[in-house]
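Chains E and V, in that order, are what the protein sequence lines are. The numbers in the first sequence follow UniProt numbering, run straight up by one, and end at 309. The numbers in the second sequence follow UniProt numbering, run straight up by one, and end at 309.
2 protein chains.
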Amino acid sequence: MSPGEPSLPSPLSHRVPDLAAMELLLAVARLGSLGRAAKELGVSQPAASGRIRSMERQLGVTLVERSPRGSRLTEAGVLVTDWSRRIVEAAEAFDAGARALRGQRDSRLRVAASMTIAEYLLPGWLVALQAERPGTAVSLQAGNSAAVARSLLDGSADLGFVEGTAMPEGLDGVVIRRDRLVVVTAPGHPWARRRRPVGAAELASTPLILREEGSGTRQVLDAALAPYGGLALPLLELSSTTAVKAAAVSGAGPSVLSELAVGEEVGARRLVPVEVDGVELRRDLRAVWPVGPAPVGPGRDLLGLTRER
Amino acid sequence: MSPGEPSLPSPLSHRVPDLAAMELLLAVARLGSLGRAAKELGVSQPAASGRIRSMERQLGVTLVERSPRGSRLTEAGVLVTDWSRRIVEAAEAFDAGARALRGQRDSRLRVAASMTIAEYLLPGWLVALQAERPGTAVSLQAGNSAAVARSLLDGSADLGFVEGTAMPEGLDGVVIRRDRLVVVTAPGHPWARRRRPVGAAELASTPLILREEGSGTRQVLDAALAPYGGLALPLLELSSTTAVKAAAVSGAGPSVLSELAVGEEVGARRLVPVEVDGVELRRDLRAVWPVGPAPVGPGRDLLGLTRER
DNA sequence: CGGGGCTCATAACCCCAGCTTATGTCCTCA
DNA sequence: TGAGGACATAAGCTGGGGTTATGAGCCCCG
């Protein structure tokens with residue numbers, strides 16, 4: 001009952017239907033019939049009927065109106081179907097990523113990417129690539145900028161993606177996007193309610209939750225704060241973006257993260273962005289390849305999908 | 001093999017681990033130990049170990065390094081964990097929505113909302129509200145503007161959300177957001193490759209995939225096109241946003257939809273936005289309540305979460 | 001009007017994925 | 001050297017979800 005509690009009372013998966021049920025519901029919505037949906041998913045009609053029924057029981061809401069000449073979604077069914085679609089689409093991104101991670105050596109396109117890009121952008125690109133060029137096999141290797149450069153130079157990757165200010169030796173590339181670092185706090189933190197932006201000097205003198213020294217994010221931050229009293233002050237030093245986010249959400253203090261990394265959290269108000277004045281916290285995201293002509297074939301296709309908007 | 005094929009060869013759910021496994025993986029990442037993660041989710045340690053192992057088998061990738069003093073994620077594990085988090089977060093939104101849909105009559109806050117808002121915005125708000133005010137019971141009733149107004153006036157709802165140009169009789173409210181309608185086509189359509197924006201007259205004279213007459217989207221479009229040769233021309237008239245999107249994705253023709261509705265599709269390049277010149281396709285999203293003072297208590301809390309940015 | 005051809009539901013059976021408990025091994029630390 | 005934590009292995013049970021077979025409404029058409 002105390003408001004500051006972690007409050008994890010729940011095995012979420014017990015209250016939410018599984019992916020198969022959601023796929024089935026989407027198929028029913030699209031095809032207008034349990035039987036046809038069942039056939040499309042390769043199960044028997046009674047199985048489909050039962051699955052939908054148990055989903056309705058679990059949710060406590062009627063989803064489809066069954067009639068002797070087909071099934072239509074109820075109003076609630078339309079909502080549940082749309083919410084399900086979100087989950088299924090996230091699952092498609094997962095699948096595209098996982099498939100690339102499994103990474104057959106004979107893939108038509110071998111990609112090497114920095115963690116941030118592999119985490120937040122690449123799965124979406126892969127889904128789009130799959131839609132545009134079905135059957136293109138892509139493999140993914142994630143690592144820091146140095147590892148990406150190495151893979152490209154020794155021929156074990158065809159196309160790379162890196163973030164950071166400098167362009168690695170021996171590579172050509174293009175900027176595909178600009179990333180902004182944002183200062184975030186838990187909603188309870190005083191900075192979350194501030195009217196006036198936080199100044200650069202104040203930011204430089206406030207202990208922050210940060211990635212360890214040497215990370216791309218940290219480098220950009222240190223460079224930006226150098227004119228205002230030296231390097232960023234660490235309150236906590238953690239080794240992964242996820243850990244940093246978790247600490248920030250739990251209210252341990254303010255943090256600085258890529259806007260790519262905090263999109264979801266900001267949307268759900270688990271984190272609040274804090275305006276900052278007088279510091280430019282931007283960095284380029286680049287597609288890179290060994291010095292020479294730009295990639296052709298599937299690499300070129302993927303490259304075409306990476307531009308913002 | 002033909003590129004235009006529907007190409008649904010797959011029961012996605014067979015290739016993607018289930019939610020329980022993903023929750024478990026997130027817990028392992030956070031807690032650094034299979035045993036502790038198992039305890040948190042209320043299962044035995046061997047169950048957790050087996051689950052992770054079968055997820056690794058399914059994905060063909062090692063996710064955690066097990067050692068006699070704990071478990072750490074591998075590089076691939078970090079990626080998979082992050083991709084899983086996306087899905088779990090979508091599932092949280094689903095859960096929040098479903099819970100509201102189940103709608104106990106004794107809920108502290110009874111919300112009535114138009115379909116578009118209930119589909120695309122409300123679940124996120126409910127997740128945020130839950131984070132901010134744990135335990136607030138919310139019920140949801142979805143319908144068109146008239147139904148929302150009725151619910152508010154007869155006292156069966158406390159707070160409403162509607163889209164559209166006019167403010168319903170007998171209600172007070174505030175604009176919480178502006179929605180833009182966008183013209184979209186499948187990537188293969190000629191408009192997707194156009195350099196010059198489509199003109200208003202051209203839009204008015206092109207048959208479009210549309211919601212049925214009387215829908216909010218249709219009204220805005222008709223009003224905007226009135227000066228340029230009358231009402232919008234229907235190529236197909238469908239009864240749900242989902243059906244319209246599906247038709248547009250399949251390449252049946254251009255369509256006009258809320259940018260809320262097409263965000264995912266545009267991100268994954270299943271749909272391409274087409275620039276339009278000379279038409280203002282905007283509408284207001286409003287929070288509404290019976291004439292009188294603005295809501296207090298949980299209604300006020302929710303209202304505070306609905307402002308953009 | 002009577003018979004396909006849809007729809008969905010019910011019934012009876014079956015199987016295996018995944019859980020539990022009990023125990024073993026390995027490492028670390030006091 | 002012994003206690004404690006973390007993971008693995010083994011054996012046994014259970015039930016959710018699948019299957020086939022069949023029945024019952026509704027529609028249309030000859």
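Don't be surprised by glycine CBs; every beta carbon is placed ideally from N, CA and C. Remember, it's a predicted structure, so these values are computed and weren't measured experimentally.
- One Cα belongs to Thr217/V, the other to Thr241/V, and the distance between them is close to 10 Å.
- The Cβ atoms of Val198/V and Val78/V do not sit closer than 9 Å to each other.
- Put simply, the CB of Glu92/E is near chain V, with a gap under 9 Å to one of its CB atoms.
- By the rule that beta-carbons nearer than 9 Å mark a contact, Tyr120/V touches chain E.
- Taken atom to atom, the span from the alpha-carbon of Gln58/E to that of Asp158/V is near 27 Å.
- Per the coordinates, the alpha-carbon of Ser258/V lies some 16 Å from the alpha-carbon of Ala113/V.
- Contact with chain E is absent for Glu275/V, since none of that chain's Cβ atoms lies less than 9 Å from the residue's Cβ.
- For Thr185/V, the secondary structure class from DSSP, reduced to helix, strand or coil, is strand.
- Between Pro123/E and Ala146/E, the CB-CB gap reaches or exceeds 9 Å.
- In the DSSP assignment, Ser240/E falls outside any alpha helix (DSSP H) and carries neither an H nor an E.
- Put simply, the CB of Trp83/V is near chain E, with a gap under 9 Å to one of its CB atoms.
- Excluding sequence positions up to five before and after Gly299/E, its CB lies within less than 8 Å of the CB of Leu109, Asp158, Leu159, Trp289, all in the same chain and listed in chain order.
- When 7 Å is used as the limit between beta carbons, Pro123/V is near these residues of chain E: Trp83, in chain order.
- By the rule that beta-carbons nearer than 9 Å mark a contact, Ala201/E does not touch chain V.
- A check of alpha carbon separations from Ala27/E across Val184/E, Val43/E, Ser215/E, Val16/E identifies Val43/E as the nearest.
- Remark: C-beta atoms of Arg270/E and Ala131/V approach each other more closely than 9 Å.
- Contiguous alpha helix (DSSP H) elements confined to the stretch 82–121 of chain E occur at 115–120, taking only those with 4 or more residues.
- Around Gln104/E, the same chain offers Ala137, Ser139 as residues with beta carbons nearer than 8 Å, after the five sequence neighbours per side are excluded.
- A Cβ of chain E is located within less than 9 Å of the beta carbon of Gly267/V.
- Three or more beta-carbon pairs separated by less than 8 Å are not found between the stretch 21–38 of chain V and the stretch 66–73 of chain E, which leaves the two stretches without contact.
- Taken atom to atom, the span from the alpha-carbon of Leu153/E to that of Ala232/E is near 34 Å.
- Annotation for Leu281/V: no beta strand (DSSP E) segment contains it, and DSSP assigns it neither H nor E.
- Setting aside the 5 residues that flank it on each side, Ile176/E is surrounded in the same chain by Leu285, Arg286, Ala287, Thr306, Arg307, each with a C-beta closer than 7 Å to its C-beta; the list follows chain order.
- For Thr165/V, the number of other beta carbons within 10 angstroms of its own is below 16, and it is reported as exposed.
- Residue state for Val28/V is assigned as helix, using DSSP reduced to three classes.
- Closest in C-alpha terms to Ala252/E, from the list Arg283/E, Ser239/E, His189/E, comes His189/E.
- Of all residues in the stretch 16–36 of chain E, only Val16, Asp18, Leu19, Ala20, Glu23, Ala29, Arg30 come within less than 7 Å of chain V when Cβ atoms are compared, listed by chain position.
- Taking 8 Å as the upper bound for CB-CB distance, Val244/E and Leu181/E are not in contact here, some 12 Å apart.
- If you draw a straight line from the Cα of Ala21/E to the Cα of Gly173/E, it is about 44 Å long.
- The C-beta of Glu280/V has fewer than 16 other C-beta atoms within 10 Å across all chains shown, which makes the residue exposed.
- The contact set of Ile117/V on chain E, defined by CB atoms closer than 8 Å, is empty, because the minimum CB distance reaches about 11 Å.
- In the structure shown, the three-state DSSP call for Arg177/E is strand.
- Taking a Cβ-Cβ cut-off of 7 Å, the neighbours of Gly97/E in chain V comprise Leu79, Trp83, given in sequence order.
- Contact annotation: in the stretch 223–246 of chain V, residues whose CB is within less than 7 Å of a CB in chain E are Ser240, Thr242, Ala246.
- Within the DSSP secondary-structure output, Asp301/E pairs in no beta bridge.
- Counting the other Cβ atoms within 10 Å of the Cβ of Ala149/E gives 16 or more, which makes it buried.
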